[in-house]
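First residue of the sequence shown: 1, per the working numbering; consecutive thereafter.
Glycine included, each C-beta is placed from N, C-alpha and C at the ideal position.
None of these values were measured; they are calculated from a predicted model.
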Amino acid sequence: MARTASSHGLGRIPSIPGDHSHQLQTSRPHRHSYIAILRRITVAAAIGSYKWAIRIMEHHIEELAELSRVKENEAKRTSLLREAELEARTTALVQDLAKHNGKRQYTSVSKTIQTLSYPLCVPEMRTL
Numbered sequence: 001m002a003r004t005a006s007s008h009g010l011g012r013i014p015s016i017p018g019d020h021s022h023q024l025q026t027s028r029p030h031r032h033s034y035i036a037i038l039r040r041i042t043v044a045a046a047i048g049s050y051k052w053a054i055r056i057m058e059h060h061i062e063e064l065a066e067l068s069r070v071k072e073n074e075a076k077r078t079s080l081l082r083e084a085e086l087e088a089r090t091t092a093l094v095q096d097l098a099k100h101n102g103k104r105q106y107t108s109v110s111k112t113i114q115t116l117s118y119p120l121c122v123p124e125m126r127t128l
């Protein structure tokens with residue numbers, strides 16, 4: 001039996017560009033996740049159906065562009081939050097050192113850097 005794109009979980013793709021009659025007619029079009037769209041494209045390409053992969057990309061091109069912009073904005077926001085957190089921790093450490101006026105001895109500069117960066121290296125601590 002020949003395997004079709006729909007038998008591989010790719011769903012129905014309009015055979016005519018602009019034919020969206022299979023979609024539910026709601027006030028807001030159905031949105032797919034970025035990963036779900038990329039997974040469909042990857043599966044189509046993996047089974048050698050490049051025509052279907054291209055159709056999927058064409059069908060979701062605007063949605064992919066919008067989701068890509070959202071991901072980029074989230075990455076910028078996360079980067080700024082991490083930078084602010086590191087700056088706050090550095091300030092707190094400097095104030096702590098000044099307060100103790102040398103009573104607490106750090107063995108090296110690398111220990112201070114490890115103290116500052118440790119939570120950013122542990123995945124559980126990076127969540128916002």
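Item                                                                                                     : Value
Is the stretch 76-84 touching the stretch 54-65, taking contact as three or more C-beta pairs under 8 Å? : no
For the alpha helix (DSSP H) holding H59, just list the boundary residues, first then last.              : Y50 to H59
Specify the secondary structure class of S79 as computed by DSSP and reduced to three states.            : helix
Restricting to Cα atoms, I'd like to know which of Q95, E74, D96 and S68 is closest to I35.              : S68
With DSSP run on the structure shown, which of helix, strand or coil describes R104?                     : In this prediction, R104 scores a pLDDT of 48, lower than 50, which makes its location untrustworthy; the coordinate-derived value is nonetheless stated afterwards. DSSP places R104 in coil when its eight states are reduced to three.
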